[in-house]
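Student: For the protein sequence lines, the chains are A and B, in the order given.
Heads up, the first sequence is in the numbering used here, so the first residue is 243 and it goes up one at a time.
Heads up, the second sequence is in the numbering used here, so the first residue is 792 and it goes up one at a time.
Pasting a structure here, questions to come.
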Amino acid sequence: MPDVVLQIEDLQKSFGGLRAVDHVSFDVEGGQLLGLIGPNGAGKTTIFNMISGIYRTDAGRILFDQTDITNHHPTQIAKLGVARTFQVPRTFNHMTVEENLMVPVVRLRLTDAEASNRVAATLNAIGLYDMRHRNASELSGGERQLLQFARAMMTQPKLMILDEPFAGASPAIIDVIIERTHDMAKSGVACLVISHDVVSLPKVCEHVIVLTEGSVLTQGRIEDVREDARVIEAYLGT
Amino acid sequence: MNFELLTYPVVVAQFFVDGLGRGVMYGLMGMGLALIFGIMGLINFAHGAFFMVGTYLMYFVAVQLGVPFPIAIIAAAVGLFCIGAVLERTLISPLRKRMGENWLVDGYVMTIGLLIMLENLALIVMGPRDHGIARLVEGRTMISGIIVTYERVVVFVVAILVVLGLAAFMRYTNIGRAIRATSEHPDAAMAMGIDIRKIYTITFALGSALIGGVGGLLLSTYPAFPTIGSDVLLKSFIVVIVGGLGNVWAAMVAGILLGLIESYAQGIAASGWQNSIIAAVVVAVLVFRPAGLFSKSVSRP
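Below is the structure:
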């Protein structure tokens, strides 16, 4: 049985009077591809922000690799092996594509040769090698999604959290992201994916957790969840 | 106004050389301020006071200890790097942690407090008296009727080395890339495992070292005095506003531009007019190019 990489226990978060995340619990195993879906405002990105340390939790625990990382600093969490992408790509637009990938090198303690080998391998894997000298500001929205995905790959994480990785991406880029996500899962990396893309998400994840109004509505195989009347109601209303 | 002077090529060239010499000084003064603002968003009102500390360090190391000037300038820069790092870690970093996203206004007030504290400390310890040197480098030469002092040449060469060195540091080192990443998206940098607290400390220390070294370099022009930094702070603000907030390279270009304007204004108008003309330039930039001459928006290095 694979090891549990991420354990979310009874997580809670409020903004003023709004309960954004309400008693949410789930586990992610090594090599598992798990989707987190739900209508806008369901609390998906808030959960991501708590896992990566950007938001503090109000209550509950987050365990990563048996270590309690609840309310740890984002830098510490990243150093433990959690990588993430952002819904709106946060590429470093004053830098070249290659430099974007070099950013984490300072803390990975790689030699120059190791760093440039890893950068070249990562850029080749996602098909951006020929664009390595271009400024990130010159890339399309989809290419920026790819770039921040590659930047996360550079850190060789144990857990990858992808926030809307297909938003604004062309079908070709989506295919690359899907393939590389599967590759990472095969090598034991746990992947947690938020997506509204009903076509692409099933190609990545077999299992999903459905959130609504901050709570877990249901979870299971994506085909089963799709037919669930409560899920249809949550998305479409009554 | 004596525009007739501009009909003499030698005079025009002399004004140019003088303006260039002044301009690189102003550019050097503004770079540290621009660097700290560009990366941290903090307007360091203690910038001029750091310059003042740099002049005193230079004076002690060069004059009292008799260390050669180049080493004394480096000592002033290293001294301010350490002071900047300690101040960031003990005062600014805890403030940022306590105040969260709203720390900047408190940060401004804190640096104003630092300015007042450092100036008064210098007044108590050193007294209201200049401590300076006559010349950094003796001598001058004449090229086609234009007088060039060796000191100006040295300042110019140092300015070029500083600009190139900083550019290389930012572009080719891992820490430089981490600093640039942090300035653009701190949360994305943290998600890469970059310790932005360390980055802010390094940035503040680096900005302090820049102005400290400049204090040492310009000791003959700006002798050590408790309030010598006030003029430097004003000049630095002008350079940063005209060039573009937070843009280190634009600060140097704007410094040169202002030095040239000042030189020509001083040459053809009565003494004192150069300040009014510079003020008019600043107002014009704020009206027509509020982000600065070389920035489309508030840009960062």
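Glycine is no exception: its CB is placed at the ideal position from the N, C-alpha and C atoms.
Keep in mind the model is a prediction, meaning the values are calculated, not measured.
1. How would you label A:V473, buried or exposed, when you count the other beta carbons within 10 angstroms and need 16 or more for buried?
2. Name the chain B residues that come within less than 9 Å of A:I436, Cβ to Cβ?
3. Okay, do the segment 951 to 965 of chain B and the segment 930 to 939 of chain B touch, 3+ Cβ pairs below 8 Å being the bar?
4. To the nearest angstrom, how far is it from the Cα of A:E469 to the Cα of A:K286?
5. What does the alpha-carbon distance come out to for the pair B:V1044 and A:E341?
6. For B:A1056, I'd like the list of residues in its chain whose CB is within less than 8 Å of its CB, leaving aside the five on either flank, ordered along the chain.
7. What is the C-beta distance between A:M396 and A:R360, in whole angstroms, given that I count them as a contact (C-beta under 8 Å)?
8. Residues of chain A with CB under 7 Å from B:H976, in chain order?
9. Please report the distance separating the alpha-carbon of B:E910 from that of B:H922.
10. Does the pairing of the segment 267 to 287 of chain A with the segment 436 to 444 of chain A give three or more beta-carbon distances under 8 Å?
11. Name, going along the chain, the residues of the segment 269 to 295 of chain A whose beta-carbon falls closer than 8 Å to a beta-carbon of chain B.
12. If we cut at 8 Å on Cβ distances, does A:M337 have a partner in chain B?
13. With A:D417 as the anchor, note down where its beta strand (DSSP E) starts and where it stops.
14. Using a 10 Å radius around the Cβ and a threshold of 16 neighbouring Cβ atoms, would you call B:M890 buried or exposed?
15. How is B:C873 classed by DSSP in three states: helix, strand or coil?
16. May I ask you to report which of helix, strand or coil DSSP gives B:L848?
17. At the 8 Å Cβ level, is B:V1089 part of the contact set with chain A, yes or no?
18. Can you name the residues of chain B whose CB is closer than 9 Å to the CB of A:A320?
19. Using a Cβ cut-off of 8 Å, pull out every chain B residue sitting near A:T299, in sequence order please.
20. Got a sec? Which residues, its chain only, sit under 7 Å from B:L856 by beta carbon, not counting five neighbours each side?
21. Quick check on A:K255: buried or exposed, where buried means 16 or more other Cβ atoms within 10 Å of its Cβ?
22. Measure the beta-carbon distance from A:R386 to A:P331 and round it to whole angstroms, keeping in mind my assumption that it falls under 8 Å.
23. What did DSSP end up calling B:Q855 once you bin it into helix, strand or coil?
24. Where B:G812 and A:A432 are concerned, what is the direct C-alpha to C-alpha distance, given to the nearest angstrom?
25. Among A:L381, A:L443, A:I419, which residue has its Cα nearest to the Cα of A:T338?
26. Which residue or residues does DSSP assign as beta-bridge partners of A:K255?
27. Check whether the Cβ atoms of B:G814 and B:L1051 lie closer than 8 Å to each other.
28. Return the CA-CA distance between A:D466 and A:V458, expressed in angstroms with no decimal places.
29. Along chain B, in chain order, which residues have C-beta atoms closer than 8 Å to that of A:P316?
30. Would DSSP call B:L1036 helix, strand or coil?
31. Comparing the C-beta of B:N1038 with each C-beta of chain A, is any distance below 8 Å?
32. Determine whether the Cβ of B:N965 lies closer than 8 Å to any Cβ atom of chain A.
33. Is it the case that the segment 402 to 422 of chain A contacts the segment 317 to 337 of chain A, given that we only count it when at least three CB pairs across the two stretches are under 8 Å?
34. May I ask you to list, following chain order, the residues of the segment 388 to 408 of chain A that have a beta carbon less than 9 Å from some beta carbon of chain B?
35. What number of angstroms, rounded off, separates the C-alpha of A:L365 from the C-alpha of A:I420?
36. For B:T940, list the residues DSSP reports as bridge partners.
Tutor: So, to answer that:
1. Taking the first residue of the first sequence as 1, we reach residue 473 of chain A at position 231. Only buried fits A:V473, as 16 or more other CB atoms lie within 10 angstroms of its CB.
2. Looking up residue 436 of chain A in the first sequence gives position 194. None at all; the shortest Cβ gap to chain B is about 15 Å.
3. Judged by Cβ distances under 8 Å, the segment 951 to 965 of chain B makes no contact with the segment 930 to 939 of chain B, as fewer than three pairs qualify.
4. Within the first sequence, numbered from 1, the residue matching residue 469 of chain A stands at position 227. Within the first sequence, numbered from 1, the residue matching residue 286 of chain A stands at position 44. Those two C-alpha atoms are separated by around 21 Å.
5. Counting from one through the second sequence, the residue named residue 1044 of chain B turns up at place 253. Counting from one through the first sequence, the residue named residue 341 of chain A turns up at place 99. Distance between the alpha carbons of B:V1044 and A:E341 is about 26 Å.
6. Start at 1 with the first residue of the second sequence, and residue 1056 of chain B comes out as number 265. Within the same chain, and ignoring the five residues on either side of B:A1056 in sequence, the residues whose Cβ sits closer than 8 Å to its Cβ are W1064, Q1065, I1068, I1069.
7. Indexing the first sequence from 1 puts residue 396 of chain A at position 154. Indexing the first sequence from 1 puts residue 360 of chain A at position 118. Right, their Cβ atoms sit about 6 Å apart.
8. Stepping through the second sequence from its first residue, residue 976 of chain B is reached at position 185. When 7 Å is used as the limit between beta carbons, B:H976 is near these residues of chain A: R332, F334, in chain order.
9. Your numbering for residue 910 of chain B matches position 119 in the second sequence. Your numbering for residue 922 of chain B matches position 131 in the second sequence. The straight-line gap from Cα to Cα measures roughly 15 Å.
10. Output reads yes: the segment 436 to 444 of chain A touches the segment 267 to 287 of chain A.
11. The residues in question are S294, G295.
12. What you label residue 337 of chain A is simply residue 95 of the first sequence in a count that begins at 1. Judged by the 8 Å Cβ criterion, A:M337 is in contact with chain B.
13. Residue numbering aside, residue 417 of chain A sits at position 175 when the first sequence is read from its first letter. Boundaries around A:D417 are those of the alpha helix (DSSP H), 413 to 428, since no beta strand (DSSP E) includes it.
14. The residue labelled residue 890 of chain B in the question sits at position 99 within the second sequence. Under this definition B:M890 is an exposed residue.
15. As a position in the second sequence, residue 873 of chain B is number 82, starting the count at 1. If DSSP states are grouped into helix, strand and coil, B:C873 belongs with the helices.
16. In the second sequence, counting from the first residue as 1, residue 848 of chain B sits at position 57. Residue state for B:L848 is assigned as helix, using DSSP reduced to three classes.
17. Within the second sequence, numbered from 1, the residue matching residue 1089 of chain B stands at position 298. Reliability of the predicted coordinates at B:V1089 is poor, the pLDDT of 49 falling under 50, and the value obtained from them is presented with this limitation in mind. Chain A contact via Cβ: absent.
18. Position 78 of the first sequence, counted from the start, is the residue given in the question as residue 320 of chain A. Within 9 Å of the CB of A:A320, the CB atoms of chain B belong to M981, A982, M983, G984, I985, in sequence order along the chain.
19. By 1-based counting over the first sequence, the position of residue 299 of chain A is 57. When 8 Å is used as the limit between beta carbons, A:T299 is near no residue of chain B, the shortest such separation being about 16 Å.
20. As a first step, residue 856 of chain B is located in the second sequence; it is residue number 65 there, counting from the start. Taken in chain order, the list of residues that qualify is empty.
21. As a working mapping, residue 255 of chain A is identified with position 13 in the first sequence. It is buried - the Cβ of A:K255 has at least 16 other Cβ atoms within 10 Å.
22. Taking the first residue of the first sequence as position 1, residue 386 of chain A is located at position 144. Taking the first residue of the first sequence as position 1, residue 331 of chain A is located at position 89. Cβ-Cβ separation between A:R386 and A:P331: approximately 4 Å, consistent with a contact (criterion under 8 Å).
23. The sequence position of residue 855 of chain B within the second sequence is 64, counting from 1. In the three-state DSSP reduction, B:Q855 falls in the helix class (H, G or I).
24. Working through the second sequence from its first residue, we reach residue 812 of chain B at position 21. Working through the first sequence from its first residue, we reach residue 432 of chain A at position 190. Distance between the alpha carbons of B:G812 and A:A432 is about 60 Å.
25. For this step, residue 338 of chain A is matched to residue 96 along the first sequence. If we check each option's Cα against that of A:T338, A:L381 comes out closest.
26. Counting from one through the first sequence, the residue named residue 255 of chain A turns up at place 13. Answer is A:V263.
27. Taking the second sequence and counting its residues from 1, the one referred to as residue 814 of chain B is at position 23. Taking the second sequence and counting its residues from 1, the one referred to as residue 1051 of chain B is at position 260. It is a contact, given that the beta carbons lie within the stated cut-off.
28. Position 224 of the first sequence, counting from 1, holds the residue named residue 466 of chain A. Position 216 of the first sequence, counting from 1, holds the residue named residue 458 of chain A. Within the model, the alpha-carbon separation for A:D466 versus A:V458 is close to 16 Å.
29. Residue 316 of chain A sits at position 74 when you count from the first residue of the first sequence. Those within 8 Å of A:P316 in chain B are D978, M981, A982.
30. Position 245 of the second sequence, counted from the first residue, corresponds to residue 1036 of chain B. Secondary structure of B:L1036 (DSSP, three-state): coil.
31. Sequence index remark: in the second sequence, residue 1038 of chain B carries index 247 (1-based). No, B:N1038 does not count as interfacial toward chain A.
32. Along the second sequence, one-based indexing puts residue 965 of chain B at 174. Yes, its Cβ sits closer than 8 Å to a Cβ of chain A.
33. When Cβ pairs closer than 8 Å are counted between the two stretches, the segment 317 to 337 of chain A is seen to touch the segment 402 to 422 of chain A, the count reaching three or more.
34. Taking 9 Å as the Cβ-Cβ cut-off against chain B, the residues of the segment 388 to 408 of chain A that qualify are Q390, R393, A394, M396, T397.
35. Residue 365 of chain A sits at position 123 when you count from the first residue of the first sequence. Residue 420 of chain A sits at position 178 when you count from the first residue of the first sequence. C-alpha separation (whole angstroms): 16 Å.
36. On the second sequence, residue 940 of chain B is found 149 positions in, with the first residue counted as 1. Beta-bridge analysis with DSSP links B:T940 to B:R931.
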